[in-house]
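Undergrad:
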Ligand SMILES: [Fe+2]
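Residue numbers (my numbering): 289 to 633.
#1: Helix, strand or coil: how does DSSP classify residue 296 here?
#2: Can you tell which of 336, 592, 355 has its C-alpha closest to the C-alpha of residue 509?
#3: Beta-carbon within less than 6 Å of residue 588's beta-carbon, same chain only, minus the 5 sequence neighbours each way: which residues are those?
#4: Decide if residue 332 is buried, meaning its Cβ has at least 16 other Cβ atoms within 10 Å, or exposed.
#5: Rounded to whole angstroms, what's the CA-CA distance from residue 469 to residue 428? Just pull it up for me.
#6: So, helix, strand or coil for residue 497, using DSSP?
#7: Using the Cα positions of residue 422 and residue 353, report the straight-line distance between them to the nearest angstrom.
#8: Do residue 325 and ligand 1 come close, with the Cβ less than 6 Å from some heavy atom?
#9: Tell me where the beta strand (DSSP E) around residue 671 begins and ends.
#10: Judging by CA-CA distance, which residue of 313, 301, 385 is the nearest neighbour of residue 290?
#11: Kindly provide the ranges of any beta strand (DSSP E) runs that are 3 or more residues long and lie completely inside the stretch 300-370, ordered along the chain.
#12: With a threshold of 6 Å (Cβ to nearest heavy atom), would residue 347 be considered close to ligand 1?
#13: Please state whether the Cβ-Cβ distance between residue 260 and residue 513 is less than 7 Å.
#14: Below 8 Å, how does it come out for the stretch 545-559 and the stretch 575-582: are there three or more Cβ pairs, yes or no?
#15: So, using beta-carbon positions, are residue 339 and residue 566 closer together than 7 Å?
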């Protein structure tokens with residue numbers, strides 16, 4: 289396994305790079321915008337291909353690198369399902385898995401610091417975001433923070449993990465890099481409380497100043513979405529209603545770019561083809577299945593994903609590959625459902 293912990297000293301943020309092997313797919317957790325060049329250089333040096341960029345929650349102290357990494361690598365951006373970030377390409381919920389080649393993160397919903405805080409469990413370690421810090425916990429006084437929810441997330445989820453589980457937080461301001469669940473149980477001063485009420489009183493009494501970047505970072509981080517309007521302006525977008533009307537026509541092939549787990553959870557458009565976004569480049573290039581379908585069989589490719597973000601990138605890639613009739617469905621399966629499009633489970 290390849291595992292790197294990277295640090296942004298301005299915001300005290302830890303960013304993690306994971307991959308199963310040299311030459312393979314990579315995933316990054318909590319990237320910072322100003323450090324994107326550094327990550328991309330390291331990814332090149334380690335001979336990796338970035339396929340997913342994940343945030344543990346909507347950050348208030350730095351601008352996320354998700355949008356820039358997506359624009360520069362075409363990776364899939366991932367956050368929890370109840371985030372207020374406008375459009376991330378994949379949203380996950382408790383019990384879901386975030387997978388790349390050879391590696392799988394289990395998703396835990398751990399609200400409290402914010403209502404969109406998630407932790408990601410991977411083998412012997414857990415990425416706790418700002419829910420559980422080393423000898424501390426994330427503040428709960430803004431962004432719909434809730435000390436009671438955080439108590440529940442920490443005591444009833446994270447501390448139930450084996451004591452030997454390594455704890456990798458999103459921040460540290462003291463110079464610590466890693467801890468364990470057992471160590472935090474024993475020595476984290478915030479966890480020396482006897483009840484949820486006591487924890488809430490402790491957290492509500494902290495009276496911390498707001499993060500310096502908060503007024504800039506929060507609004508910026510809510511707008512990481514790809515500008516689907518740009519794709520629409522080029523005439524490459526269909527509304528869900530238009531796509532529903534085209535469904536079943538012999539010259540149309542609806543191509544679902546979502547992953548298997550997303551299709552299982554949110555439903556499948558009857559008759560659609562499945563081509564996960566990570567393998568799109570191979571499918572769309574000369575000799576690929578989708579390329580043949582469009583170029584030889586003269587089918588119009590109509591890309592579909594969760595919210596229209598991956599499909600917007602796909603339609604651009606298809607146009608770049610010379611497939612001029614390719615389109616995508618604005619708003620993805622979310623819009624399809626709202627327009628009462630048919631789905632099977
Ligand atoms: Fe945070």
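Cβ atoms here follow ideal geometry from the backbone N, Cα and C, with glycine treated the same way.
TA: By the coordinates alone:
#1: Position 8 of the chain shown holds residue 296. In this structure, residue 296 counts as strand in the three-state DSSP scheme.
#2: Working through the chain shown from its first residue, we reach residue 509 at position 221. Shortest Cα-Cα distance from residue 509 to any of 336, 592, 355 involves 355.
#3: Here residue 588 refers to the residue found at position 300 when the chain shown is read from its first residue. Hits under 6 Å: 539, 540, 613.
#4: For this step, residue 332 is matched to residue 44 along the chain shown. Note on residue 332: under 16 other CB atoms within 10 angstroms of its CB, so exposed under the neighbour-count rule.
#5: The count along the chain shown starts at 1 and reaches residue 469 at position 181. The count along the chain shown starts at 1 and reaches residue 428 at position 140. If I take the Cα positions, the gap works out to 21 Å.
#6: Looking up residue 497 in the chain shown gives position 209. Assignment of residue 497 by DSSP, reduced to helix, strand and coil, places it in the coil class.
#7: Sequence index remark: in the chain shown, residue 422 carries index 134 (1-based). Sequence index remark: in the chain shown, residue 353 carries index 65 (1-based). The straight-line gap from Cα to Cα measures roughly 24 Å.
#8: Residue 325 sits at position 37 when you count from the first residue of the chain shown. No, since every heavy atom of ligand 1 falls outside the 6 Å radius drawn around the Cβ of residue 325.
#9: There is simply no residue 671 to check, as the chain begins at 289 and stops at 633 in what is shown.
#10: Counting from 1 along the chain shown, the entry for residue 290 is found at position 2. Looking at the Cα atoms, 313 is the closest of the given residues.
#11: Segments of the beta strand (DSSP E) lying fully in the stretch 300-370: 301-307, 313-317, 337-342, 364-368.
#12: Counting from 1 along the chain shown, the entry for residue 347 is found at position 59. At least one heavy atom of ligand 1 lies closer than 6 Å to the C-beta of residue 347.
#13: Only positions 289 to 633 of the chain appear in this structure, which leaves residue 260 out of reach.
#14: Short answer: they don't touch.
#15: Counting from 1 along the chain shown, the entry for residue 339 is found at position 51. Counting from 1 along the chain shown, the entry for residue 566 is found at position 278. Yes, the Cβ-Cβ distance between residue 339 and residue 566 is below 7 Å.
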